[in-house]
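The structure appears below as C-alpha cells.
Numbering (the UniProt record's numbering), first residue to last: 1 to 119.
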C-alpha cells in the first residue's frame, strides 16, 4: 500500500491537508506512515466540529472552539468577554477553517516528530 493510500484513510481529509501530510511524511517508510496516521488521527480536529463549537458562542458558551484548539488563554478571554462582545466569535466563524488547518499542521509536525523519535 502506498503512503498516499495510507494517508487517505484519514476520515474527512481535505486535498490541501493531504498534500501537506504527503510532504511531511515523504521520507517515511510504510510502517512509519501507518504509525504517523495512528498518532495524527487522534490529534487532528475537523473544521465542521470547530464551526459548531464556534456557533455555541452565540448561546453563551463563547470560547469553546479556542479551548478545543489548545488556545486556553484566548478561550478564557472569550468566555469572560462573551467572545469580545460577539465580534471575536464572528471572526472565528469566518476563520474556522484556517484555524483548524493551522492546528492540524501543528499536530502533523508533532506527530511526525514522535514517529521520527521512535514513540
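By construction, the Cβ of each residue, glycine as well, lies at the ideal position given by its N, Cα and C atoms.
State the Cα-Cα distance for the pair residue 21 and residue 33, rounded to the nearest angstrom.
Position 21 of the chain shown, counting from 1, holds the residue named residue 21. Position 33 of the chain shown, counting from 1, holds the residue named residue 33. Roughly 10 angstroms between the two C-alpha positions.
Give me, in chain order, the residues of the same chain whose beta-carbon lies closer than 7 angstroms to that of residue 108; leave out the 5 immediate sequence neighbours on both sides.
Start at 1 with the first residue of the chain shown, and residue 108 comes out as number 108. Closer than 7 angstroms at the Cβ level, and outside the excluded window around residue 108, lie 20, 21, 24, 40.
If you measure between the beta carbons of residue 45 and residue 10, is that distance less than 8 angstroms?
As a working mapping, residue 45 is identified with position 45 in the chain shown. As a working mapping, residue 10 is identified with position 10 in the chain shown. Result no, Cβ atoms of residue 45 and residue 10 do not sit closer than 8 angstroms.
Exposed or buried, what is residue 102 when buried is set at 16 or more other beta-carbons lying within 10 Å of its beta-carbon?
Sequence index remark: in the chain shown, residue 102 carries index 102 (1-based). With fewer than 16 other Cβ atoms within 10 Å, it is exposed.
Taking the CB atoms as reference points, tell me whether residue 64 and residue 56 lie closer together than 8 angstroms.
Within the chain shown, residue 64 is the residue found at index 64, counting from 1. Within the chain shown, residue 56 is the residue found at index 56, counting from 1. In contact: residue 64 and residue 56 (Cβ atoms closer than 8 angstroms).
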